[in-house]
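J.: I'd like to ask you about the structure that follows.
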Amino acid sequence: MSAPRRRPQLAAVVMMALLLFLAVFGPLGCDPRARTQPIDASAGGGEASGEARGETEATVRAAPPEGPEEADEAPKVRAQVYLVPLKAFPDDLLDAVEDALVREYSVEVIRREPEPLPKAAYYPPRKRYKADRLLDHLDRLAFEWGVPEDAKVLGVTEVDISVTTDEYPDWGIYGYGRTPGQVAVVSSKRLKRKAKDRGHVRFRVATLAVHEIGHTFGLPHCDEHEQRCPMLDAEGGIENTDSSTGKLALGCRARLNRNAPMPK
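Counting in our numbering, the sequence shown runs from 937 upward without gaps.
This is the structure:
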């Protein structure tokens, strides 16, 4: 009679053990959503959910590659222009000249320190400097500096300059350049006369610099009056300079590209 009484006790013990097991480890075959949530990728470990994983991959693809960045290509230039003040020359006029030459000719402008005016170029009777002798002086400087043959040298000065013509032994001018050639000179002396303001002077000097450097590139005086090209002949006055756009007209631009094409 003792055996039958033990069976119920054993069954109760087994049932209690099963309930305890389920309470600790959970029911078998439970809904996956009842399990612990996936570890967030931003928490520093584990695998992210599908949506979070996609965001992480997109961020990596958008990020720049590691290591040093590739150096930008140097801008292409048609030539170098050495800008040389002959004695003193105002900074604002130098800036205007440089900006105009870079814009119109795609050149690299190299500014030099001021150079003294050569005594050999001085013309005492009129207290002027002969432009052709100034060009000879710039030629010598270019040789001393080792300036490349395809580079240009532009002298800028505040003194009055002149040339000798068939009719006049001493004709005052705004600027002078060899066509074609390497050297040119611009004077601001006469360009200040009757100027409206300082901005007007800067425009005149810059436009004349474009004109004279154009000659060194082989551009002659043009007849593109409708486009108000800076390569128009001054014709003894300042009117064509004042009415100029400061930008090369189509015909002069085409000739420039033939004479001195941009490097490929």
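For glycine and all other residues, C-beta sits at the position ideal for the given N, C-alpha and C.
The structure presented is a predicted model; accordingly, all values stated were derived computationally and were not measured.
1) Alpha carbon to alpha carbon, how far is Pro1000 from Pro1011?
2) Could you name the residues of the same chain whose beta carbon sits closer than 7 Å to that of Gly1187, not counting the 5 residues immediately before and after it, in chain order?
3) Per DSSP, Lys1066 forms a beta bridge with which residues?
4) Please list, in chain order, all residues of the same chain as Tyr1059 whose beta carbon is under 7 Å from its beta carbon, the five residues on each side excluded.
5) Taking the alpha-carbon positions, what's the Leu1192 to Ile1046 distance?
6) Helix, strand or coil for Gly1109 per DSSP?
7) Give me, in chain order, the residues of the same chain whose beta-carbon lies closer than 8 Å to that of Asp1035; leave out the 5 immediate sequence neighbours on both sides.
8) Applying the 10 Å Cβ sphere with the 16-neighbour rule, what's the burial state of Ser1179?
9) According to DSSP, which residues form a beta bridge with Ser1123?
10) Can you give the Cα-Cα distance for Leu1071 and Gly1113, rounded to whole angstroms?
11) So, for Asp976: in the same chain, excluding its five sequence neighbours on each side, which residues have a beta-carbon less than 6 Å away from its beta-carbon?
12) Hey, Val1092 and Val1083: beta-carbon distance below 8 Å or not?
13) Could you round the C-beta distance between Ala1015 and Ala1196 to whole angstroms and report it? I think they count as a contact, below 8 Å.
14) Within a Cβ cutoff of 8 Å, which residues of the same chain sit near Arg1134, ignoring the five residues on either side of it in sequence?
15) Give every residue of the same chain whose Cβ lies closer than 6 Å to the Cβ of Lys1055, excluding the five residues on either side of it in the sequence, and list them in chain order.
16) Report the rounded CA-to-CA distance for His1073 versus Val1122, giving the unit in angstroms.
17) Thinking C-alpha only, which one of Gly1150, Ala1131, Lys1023 and Lys1130 is nearest Gly1117?
18) Give every residue of the same chain whose Cβ lies closer than 8 Å to the Cβ of Phe1025, excluding the five residues on either side of it in the sequence, and list them in chain order.
19) Which of the three DSSP states, helix, strand or coil, is assigned to Glu1103?
20) May I have the straight-line CA-CA distance separating Glu1162 from Glu1080, to the nearest angstrom?
21) If you run the structure through DSSP and keep just helix, strand and coil, what is Glu1171?
22) Find out if the Cβ-Cβ distance for the pair Leu1053, Ala1145 is shorter than 8 Å.
23) When burial is assigned at 16 or more other CB atoms within 10 Å of the CB, is Met1167 buried or exposed?
24) What first and last residue would you give for the beta strand (DSSP E) that runs through Arg1134?
25) Please report how far the alpha carbon of Lys1128 lies from the alpha carbon of Arg1194, in whole angstroms.
26) Keeping to the same chain, check which residues put their C-beta closer than 6 Å to that of Thr1177; ignore five residues upstream and five downstream.
T.: In terms of the structure at hand:
1) Confidence at Pro1000 is low in this model, with a pLDDT of 43, below 50, so the placement of that residue is unreliable and no value is reported for it.
2) Cys1158 and Glu1160
3) Ser1098
4) Tyr1065, Lys1066, Ser1098 and Asp1106
5) 21 Å
6) First, the residue type needs correcting, since residue 1109 is Ile and not Gly in the sequence shown. In the structure shown, Ile1109 sits in a strand (DSSP, three-state: E or B).
7) Ala1142
8) exposed
9) Thr1093
10) 8 Å
11) At Asp976, the pLDDT of 31 sits below 50, so the modelled position is not reliable; the number obtained from the coordinates is stated separately. Correct list: empty, nothing qualifies.
12) no
13) 6 Å
14) Asp1028
15) none
16) 14 Å
17) Gly1150
18) Pro1050, Val1092, Thr1093, Glu1094 and Ser1124
19) coil
20) 42 Å
21) coil
22) no
23) buried
24) Element bounds for Arg1134: not the beta strand (DSSP E) but the alpha helix (DSSP H), Arg1134 to Thr1152.
25) 35 Å
26) Arg1140 and Thr1143
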